[in-house]
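In my numbering, the protein residues as written are 149 to 470. All C-beta atoms in this analysis are idealised placements derived from N, C-alpha and C, irrespective of residue type, glycine included. Below is one structure; the comments refer to it alone.
Next up, the structure:
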């Protein structure tokens with residue numbers, strides 16, 4: 149099974165080649181390869197689902213998926229994280245305005261703020277707010293479909309994702325939020341429709357534009373850059389550039405420490421290197437993803453494809469190697 153089937157997930161495609169070369173048996177649970185297991189000659193099996201392998205301890209992976217716990221445990225270990233406030237959805241659903249502790253946090257921290265689901269990946273549901281009114285709206289929107297939210301300070305800077313496996317940095321890339329550039333004649337709706345990787349139906353686009361005094365019907369002047377979403381995840385239409393070779397030693401160390409602190413073997417660490425440097429740290433850890441997705445990076449170009457192949461080769465060896 150060495151051929152590449154574009155209808156299958158990237159993980160399944162690469163696993164087919166890996167297993168064929170090593171005499172391992174790959175069984176997929178569906179035609180797209182979203183789940184399955186690998187079996188060796190002795191009959192031992194390792195299961196996977198999506199990008200989750202039998203590699204990280206289950207409890208550690210669950211903690212990493214909880215943003216509030218992640219921030220707490222990283223902070224206790226001396227790792228810089230954003231100022232954050234946990235908000236149970238029930239506290240929002242039962243009142244017309246956010247609880248006083250949320251408003252106090254907003255006043256003490258200052259706007260803009262980020263509001264995000266406490267659990268989840270790929271930047272789904274993350275919203276940027278700049279007033280008490282938009283804070284309230286964002287919390288009410290997220291409370292409809294999530295059990296808890298996190299309100300965090302905004303840290304403006306360079307967004308990085310660093311992949312770590314067993315104390316080794318495998319890859320690092322710089323990410324940028326999706327944006328469009330005006331031409332003086334096209335509306336934002338037309339520019340969004342023409343964007344190769346943006347979902348025009350993402351309701352956060354309207355929300356983000358409103359905070360820039362814009363609407364989808366607006367026609368930005370030629371050369372004006374308009375941010376569409378408050379996240380830089382590739383799955384949300386962001387862009388990326390591999391910077392592994394240029395990654396500063398202190399960022400290497402910070403990413404490795406974050407993964408070790410949470411008891412993980414393999415993870416993607418999301419960092420912000422602030423434009424305005426803090427006196428106590430060069431970078432701030434936003435999140436730690438115990439099952440980082442690499443499919444969007446894989447499809448960006450030959451350099452990215454090669455990097456992802458190298459990452460998964462090492463992940464597969466760590467998972468299935470004897």
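In the DSSP secondary-structure assignment, residue 390 is bridged to 321. For residue 467, the enclosing alpha helix (DSSP H) starts and ends at 450-468. Nearest C-alpha to residue 406 among 167, 186, 218 and 302: 218.
Contact annotation: residue 162 and residue 457 have beta-carbon atoms nearer than 8 angstroms. Residue 349 and residue 443 have their C-alpha atoms roughly 21 angstroms apart.
In this structure, the CA atom of residue 317 is about 29 angstroms from the CA atom of residue 176. Linking residue 452 to residue 320 through their CA atoms gives a straight-line distance of about 11 angstroms. Around the beta carbon of residue 460, 16 or more other beta carbons lie within 10 angstroms, which makes this residue buried. A distance of 8 angstroms or more separates the beta carbons of residue 260 and residue 434. Membership of residue 233 in the beta strand (DSSP E) is indicated by the continuous run 232-236. Around the beta carbon of residue 215, a 10 Å sphere encloses 16 or more other beta carbons of the protein chains shown; the residue is thus reported as buried.
In this structure, the straight-line span from the alpha carbon of residue 284 to that of residue 168 is close to 53 angstroms. With at least 16 other beta carbons inside 10 angstroms of its own, residue 379 counts as buried. When the beta-carbon positions are compared, residue 359 and residue 282 come within less than 8 angstroms of each other. Annotation: residue 363 is outside any beta strand (DSSP E) and is labelled neither H nor E by DSSP.
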